[in-house]
Amino acid sequence: MALVLLVVLILVSAVLANAAQSGDVQTGIASGTGTSAGEVPRGWLGPWVEGPQSAVRLVVAPPVPGGGAAAGAVMAGLDFRMAPGWKLYWRSPGDAGLPPAIDTTASPQVGDARILWPLPERFTAFDTIHTYAYADRVLLPVRLRQSAEAPLRLTVDYQVCEALCIPVRADLALDAPSGAADPLDRTADEARALVDAGLARVPPVVADAVSSPFAAVSAGLVDARADRPARLVVEAKSAEGFGADADVFIEGPDGFAFTPPERRLLGDGHTARFVSEVLPPTADARLLGETLRLTLVDPRPDVSTPRVAPLHAVETTAQVVPAPATLLGPEGGLIAAVLIGLAGGLILNIMPCVLPVLSIKLMGLVAARGLSRGHVRISLLATAAGIILSFLALAALALGLKTAGIAVGWGVQFQQPVFIGLMILAMALFAASQLGAFTIRAPTLSGGLAREAVGTGGPRPGQALISGVVATLLATPCSAPFVGTALGFALAGGTGDILAVFLALGIGMALPYLLIAAVPAAIRLLPRPGRWMLWVKTAMGLGLAGTAIWLGFVLADLVGPGPAAAVVALAALAAALPAVIAKARLLRWAGVAGLATAAIAIAVLAPPPAARGFQALAADGPWVPFQPDIIAGEVAAGRVVFVDVTASWCVTCIVNEQRVLTVDPVASRIADPAVVAMKADWTRPDPAISAYLEGFGRYGIPFNVVYGPAAPQGLVLPELLTADAVTGAIARAAATPGTSGG
């Protein structure tokens, strides 16, 4: 329907244009308001020339004494007024209309007449037609150059629109006095004030957007998808932080249009991304390499005069480069996020963090071959319930932190010394149990073997449930493929999104247990129990002891080596104490509790190392500390920036570093002087890194992104790195904008 109405409006405009050419539409100086042909009014303010639903007059600003204006330079203005509800169009009118145009044929002494465009307003008709125009009244400043003094004669063609558009032609003439204005001439002051007010609404042009404290910096094109058109992502910065009405006007080459952008503030509000759909819907890579004109505006009310919103706008240009879809933040809908969450949760089962608990559970299933199907099913369902309930508990925690305004992320509990201390104790007791130092009859931490979990006297679901909880806790420092995407959607959404996605992650991780519970006979496919199980059990115990030691190194990054070593030693003593005190059961567990309390107290009370700041980093190879503020400058200088967000507790990060980043060809590539390698250490809480991740719709690590002249907004790499992925992204980012980059 809107398209039909638009066609009708265009046809009506065409008819009126023909009528205007034949004299049916009022043109020229209106009778009673101007002068007769040949007479040129003298002064600084021309007479109003009336047109349909509008009027326009020529205004000339008196030269400022000592202003240093170039010879022949004249600052004038076209002063328009429109009837209520009618509009005059901007230089880029949008989906309809034409901007005003000046014809200087009648003034041969005028060599150039350039309109300077004040900032317009946005208007929307029929929900789909977007235009940029001026309402009520506006003065368009005009910079003229005259080769000789003579009366100005200008013809102005413009359109005024409401439900339909009317073309108007106005012949304007004015003989402005030469030299300075008479001090007693009030019209001179009025003319200067009008032109100055118009100039104040014209955004200045910024040539160097990178060094400017307020500017639109880059424009990236996200390719079209089957269900979504191509989108343009404009990134802007403001040293003062963006206000609630920040906006950007996008002007591109002929044949392209852009919908009003959706604004997304990043971090502390000093960076914003404006996402606009590219029209027509079939737009493709033809836009790549084109230069766009970007007008960034952020109205700020004056404290002394709250009703006045002074102009805070600048105009820049940016070349369109490819942009990753991750810049759009989480999208795709809740159903897609839930499916991605299911896949991510399932993959978590094979991540290094979860393997100790998963292996012991599988050992338990081997030992359960002789038990009844009902007992096995109850144990497996209880473990699955422990996993799902743990994810729902994490969802509740995320909601609470988000409501309190605290940064939320996957694995952030490993940034807290008390949690690391508890996990060290858990792993130490778990390892001691597997190594035969003692048997936890109610294995609160491990879930034990299946015979302990289900027993001959009946199922013990509580113990199996706790094993699911432990498996979930150990999974949190791992960010498997798909987990980051699902979490990004959840944590950027509302309560329902968070609960649904976390539930999907839990079901995905619990899926192996649920499937075997559905077909308990599948256990018989596993090897028969035998002496080999003792060796595997010992290996698992040693692996868990190694996990406790690794967590000790993580704790050392948080509280220092001395306190961390004390916590590990106390945890080891607590694990060995039950074997030393065999008979006095009360004394045994009292000692364990005392040692555990001492270990946790040390972890909580120990101050962080004084020499280590939140973003500090030992000079290691080519790496420099994370400095997001200098990325744009490095890219503008032609360099590639590789950012690695990591943490000592992130197992996947460690795997990426050892298998990809520290070996050739990647190691030599990032050591190249043309590449700046930044390491963002998120071992401890760091608001800057949290905000950086949130800007990409990510809430977990590892996270790697490559910037360059052909990718100023960044190319996001997968969670599990490969040498080809890293070197390929560096090559694409380093390419000249608009080229393939090899």
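Those letters in the sequence shown? Residues -19 to -1, 1 to 723, by mature numbering (1 follows the signal peptide of the UniProt record, and there is no 0). In this text, a Cβ means the ideal position worked out from N, Cα and C, and glycines have one as well.
(request) Measuring alpha carbon to alpha carbon, tell me which of Y673, P44, V450, D226 ends up nearest S159. (result) The residue labelled residue 159 in the question sits at position 178 within the sequence shown. That would be P44, whose Cα lies nearest to the Cα of S159.
(request) Answer yes or no: do L273 and E232 have a C-beta to C-beta separation smaller than 8 Å? (result) For this step, residue 273 is matched to residue 292 along the sequence shown. For this step, residue 232 is matched to residue 251 along the sequence shown. E232 sits close to L273, with the two beta carbons spaced by under 8 Å.
(message) To the nearest angstrom, how far is the alpha carbon of A597 from that of P606?
(response) Counting from one through the sequence shown, the residue named residue 597 turns up at place 616. Counting from one through the sequence shown, the residue named residue 606 turns up at place 625. In this prediction, A597 has a pLDDT of 43, which is less than 50 and means its spatial position is unreliable; what the coordinates show is noted afterwards. Straight-line Cα distance between these residues: approximately 6 Å.
(request) Please list, in chain order, all residues of the same chain as S629 whose beta carbon is under 6 Å from its beta carbon, the five residues on each side excluded. (result) One-based indexing of the sequence shown puts residue 629 at position 648. Within its own chain, the residues whose Cβ lies closer than 6 Å to the Cβ of S629, once the five positions on either side in sequence are excluded, are V535, D538, T664, listed in chain order.
(message) Suppose the cutoff is 6 Å on Cβ atoms and the five residues either side in sequence are ignored; what does the same chain contact list for V21 look like?
(response) Start at 1 with the first residue of the sequence shown, and residue 21 comes out as number 40. Only P132, A154, D156 meet the Cβ criterion.
(message) Can you give me the C-alpha to C-alpha distance between G201 and V624, rounded to a whole angstrom?
(response) Against the sequence shown, residue 201 aligns to sequence position 220. Against the sequence shown, residue 624 aligns to sequence position 643. Whole-angstrom Cα-Cα distance: 19 Å.
(message) Would P101 and Y113 qualify as a contact pair, given that the criterion is a beta-carbon distance under 8 Å?
(response) Start at 1 with the first residue of the sequence shown, and residue 101 comes out as number 120. Start at 1 with the first residue of the sequence shown, and residue 113 comes out as number 132. Against a cut-off of 8 Å, the Cβ pair of Y113 and P101 comes out as a contact.
(request) Let me know if Q415 comes out buried or exposed under the rule of 16 or more other beta-carbons within 10 Å of its beta-carbon. (result) Position 434 of the sequence shown, counted from the first residue, corresponds to residue 415. Burial call: buried.
(request) Mark D279 as exposed unless 16 or more other C-beta atoms lie within 10 angstroms of its C-beta, in which case mark it buried. (result) Here the question's residue 279 lines up with position 298 in the sequence shown. Classification of D279: buried, given that the 10 Å Cβ count is 16 or more.
(request) Please work out which residues of its chain come closer than 7 Å, Cβ to Cβ, to A547, disregarding the five sequence neighbours upstream and downstream, and give them in chain order. (result) Indexing the sequence shown from 1 puts residue 547 at position 566. Only I583 meet the Cβ criterion.
(request) Could you tell me which residues DSSP puts in a beta bridge with S199? (result) For the purposes of this step, residue 199 is identified with residue 218 of the sequence shown, where counting begins at 1. Within the DSSP secondary-structure output, S199 pairs in a beta bridge with E216.
(request) With DSSP as the reference, please indicate the residues paired to E31 in a beta bridge. (result) As a position in the sequence shown, residue 31 is number 50, starting the count at 1. Its beta-bridge partners are A36.
(request) Under the assumption that L175 contacts L121 (Cβ atoms under 8 Å), give the Cβ distance between them as a whole number of angstroms. (result) Mapped onto the sequence shown, residue 175 falls at position 194. Mapped onto the sequence shown, residue 121 falls at position 140. Cβ atoms of L175 and L121 stay farther apart than 8 Å, at about 11 Å.
(message) Please classify D228 as buried or exposed, where buried requires at least 16 other C-beta atoms within 10 Å of its C-beta.
(response) Position 247 of the sequence shown, counting from 1, holds the residue named residue 228. By the neighbour-count criterion, in which a residue is buried when 16 or more other Cβ atoms sit within 10 angstroms of its Cβ, D228 is buried.
(message) If contacts are defined as beta-carbon pairs under 8 Å, then I682 and V626 qualify, I think. What distance do you get, rounded to the angstrom?
(response) Position 701 of the sequence shown, counted from the first residue, corresponds to residue 682. Position 645 of the sequence shown, counted from the first residue, corresponds to residue 626. At roughly 5 Å, the Cβ-Cβ gap stays under 8 Å, so I682 and V626 are in contact.
(request) Let me know the secondary structure DSSP gives D667 once reduced to three states. (result) As a first step, residue 667 must be located in the sequence shown, where it is residue number 686. In the structure shown, D667 adopts coil according to DSSP, grouped into three states.
(request) Determine, using beta carbons only, whether A714 and V687 come nearer to each other than 8 Å. (result) For the purposes of this step, residue 714 is taken as residue 733 along the sequence shown, with counting starting at 1. For the purposes of this step, residue 687 is taken as residue 706 along the sequence shown, with counting starting at 1. V687 is positioned such that its CB atom lies closer than 8 Å to that of A714.
(message) Which same chain residues end up closer than 6 Å to D5 when comparing Cβ atoms and leaving out the 5 residues on each side of it in sequence?
(response) Here the question's residue 5 lines up with position 24 in the sequence shown. Note that D5 has pLDDT 39, beneath the 50 cutoff, so the model's placement of it is unreliable and no number is given.
(request) Classify A481 as helix, strand or coil using the three-state DSSP reduction. (result) Along the sequence shown, one-based indexing puts residue 481 at 500. Residue state, collapsed to three classes: helix.
(request) Return the CA-CA distance between D705 and Q694, expressed in angstroms with no decimal places. (result) For this step, residue 705 is matched to residue 724 along the sequence shown. For this step, residue 694 is matched to residue 713 along the sequence shown. If you draw a straight line from the Cα of D705 to the Cα of Q694, it is about 21 Å long.
(message) Distance check for V482 and G322, CA to CA, integer angstroms please.
(response) Numbered from its first residue, the sequence shown carries residue 322 at position 341. Numbered from its first residue, the sequence shown carries residue 482 at position 501. Approximately 6 Å, taken between the alpha carbons.
(message) Just to confirm, is the Cβ distance from A409 to A553 under 8 Å?
(response) On the sequence shown, residue 409 is found 428 positions in, with the first residue counted as 1. On the sequence shown, residue 553 is found 572 positions in, with the first residue counted as 1. Cβ distance < 8 Å, so A409 and A553 count as in contact.
(message) Residues in the same chain with beta-carbon distance under 7 Å from P646, minus the five sequence neighbours each way, listed in chain order, please.
(response) The residue given as residue 646 occupies position 665 in the sequence shown. Excluding residues within five positions, the ones whose Cβ falls inside 7 Å are A704, T708.
(request) Mind checking which residues open and close the alpha helix (DSSP H) that includes N637? (result) Reading the sequence shown from its first residue, position 656 is the one you call residue 637. That run of the alpha helix (DSSP H) goes 632 to 637.
(message) I need the DSSP call for G575, collapsed to helix, strand or coil.
(response) Residue mapping note: residue 575 aligns to position 594 of the sequence shown, counting from 1. In the three-state reduction of the DSSP assignment, G575 falls in the helix class, which pools H, G and I.
(message) Count Cβ pairs between the stretch 646 to 656 and the stretch 666 to 678 that sit closer than 8 Å; are there 3 or more?
(response) At 8 Å Cβ cutoff, the stretches do not touch.
(request) Evaluate the contact criterion for the stretch 366 to 380 versus the stretch 520 to 531: three or more CB pairs, one atom per stretch, below 8 Å. (result) Three or more Cβ pairs closer than 8 Å define a contact, and the stretch 366 to 380 falls short of that threshold against the stretch 520 to 531.
(request) Note down, in chain order, each residue of its chain lying with its Cβ closer than 6 Å to the Cβ of E271, except the 5 sequence neighbours on either side. (result) For the purposes of this step, residue 271 is identified with residue 290 of the sequence shown, where counting begins at 1. Result list for E271: P234, V301, in chain order.
(message) Buried or exposed for A161, going by 16 or more other Cβ atoms inside 10 Å?
(response) Your numbering for residue 161 matches position 180 in the sequence shown. A161 sits exposed, since fewer than 16 C-beta atoms from the chains shown fall within 10 Å of its C-beta.
(message) Tell me the rounded alpha-carbon separation between G477 and A617.
(response) On the sequence shown, residue 477 is found 496 positions in, with the first residue counted as 1. On the sequence shown, residue 617 is found 636 positions in, with the first residue counted as 1. Put simply, the backbone Cα of G477 is about 42 Å away from that of A617.
(message) Checking 8 Å against the spacing of the C-beta atoms, do A304 and L277 come in under that value?
(response) Residue mapping note: residue 304 aligns to position 323 of the sequence shown, counting from 1. Residue mapping note: residue 277 aligns to position 296 of the sequence shown, counting from 1. Between A304 and L277, the CB-CB gap reaches or exceeds 8 Å.
(message) Buried or exposed for D662, going by 16 or more other Cβ atoms inside 10 Å?
(response) Mapped onto the sequence shown, residue 662 falls at position 681. The residue is buried, with at least 16 neighbouring Cβ atoms inside 10 Å.
(request) Look up residue 736 in the DSSP assignment and say whether it is helix, strand or coil. (result) The structure shown does not extend to residue 736, since the chain is modelled only from -19 to 723, so the question has no answer here.
(request) Find out if the Cβ-Cβ distance for the pair R126, D93 is shorter than 8 Å. (result) As a position in the sequence shown, residue 126 is number 145, starting the count at 1. As a position in the sequence shown, residue 93 is number 112, starting the count at 1. Cβ distance < 8 Å, so R126 and D93 count as in contact.
(message) Between the alpha carbons of V357 and A491, how many angstroms are there, rounded?
(response) Along the sequence shown, read from residue 1 onward, the residue named residue 357 stands at position 376. Along the sequence shown, read from residue 1 onward, the residue named residue 491 stands at position 510. C-alpha separation (whole angstroms): 15 Å.
(request) Go through its chain and collect everything with a Cβ distance to A412's Cβ below 6 Å, but skip five positions before and after it. (result) In the sequence shown, counting from the first residue as 1, residue 412 sits at position 431. Here the set comprises G522, L525, A526.
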